[in-house]
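Data block below; observations after.
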Amino acid sequence: MPSYVILYRMTPEGARALRDTVKRAGQVRQQNARRGFKIRDIFWTQGPYDMVAVVDAPSEEAMMGAMLNIVGAGNVTSTTMRAFDATEMSRILAQTPTSVEAAPPASASKATNGRARRKK
5 MPSYVILYRM
15 TPEGARALRD
25 TVKRAGQVRQ
35 QNARRGFKIR
45 DIFWTQGPYD
55 MVAVVDAPSE
65 EAMMGAMLNI
75 VGAGNVTSTT
85 MRAFDATEMS
95 RILAQTPTSV
105 EAAPPASASK
115 ATNGRARRKK
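Numbering of the sequence shown is given in the numbering used here, commencing with residue 5 and proceeding in unit increments.
What follows is the structure, given as structure tokens:
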């Protein structure tokens, strides 16, 4: 199942109904579980995002549908990121040409260029 990290921000409507946020999250968790999702965890956070969820979805299409429903309710906006575990990333790297791995990091070439300019 594809995994996702979802960053949520409360809308003004969601902030007005803040006392119900845990209850709403529980309801969404139950609805999505019936559709084959596995909600690994939901966190309420400090900083630029109000909540973070880690979710396994039955398919990318199912995830898109779930996000349309959640955001459509009007309590949050979201940023959804596809997440890859170590096994998935190993498979991806196995398919990546080795010449990409051999390229020097961009920061290393900038540092060299910067030093060369300062010496002049």
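Built from N, CA and C at the ideal position, the CB exists for glycine as well.
Item, Value
"Bounding residues of the alpha helix (DSSP H) (the contiguous stretch that carries Ser7)", "Looking at the DSSP string, Ser7 is not in any alpha helix (DSSP H); the run it does join, the beta strand (DSSP E), is Ser7 to Met14."
"C-beta neighbour in chain B for Asn36, strict 8 Å", "Of the protein chains in this structure there is only one, and it is not chain B."
"Buried/exposed call for Phe88, threshold 16 Cβ in 10 Å", "exposed"
"Pick from Arg13, Ala90, Val9 and Met5 that is closest to Gly78, judged by C-alpha positions", "Arg13"
"Residues that DSSP places opposite Val59 in a beta bridge", "Tyr8 and Ile43"
"Helix, strand or coil at Ala77 according to DSSP, with G and I counted as helix", "coil"
"Reference Val26; option with closest CA among Trp48, Ile43 and Ile96", "Trp48"
"Residues that Thr125 bridges to, as DSSP identifies them", "One cannot answer for residue 125 here, as it falls past the ends of the chain, which runs 5 to 124."
"Cβ-Cβ distance between Val58 and Asp45 below 8 Å", "yes"
"Best match in Met85, Met67 and Met93 for proximity to Val56 [C-alpha to C-alpha]", "Met85"
"Minimum C-alpha distance to Glu64 - residue among Gly40, Ala90, Thr102 and Ile96", "Gly40"
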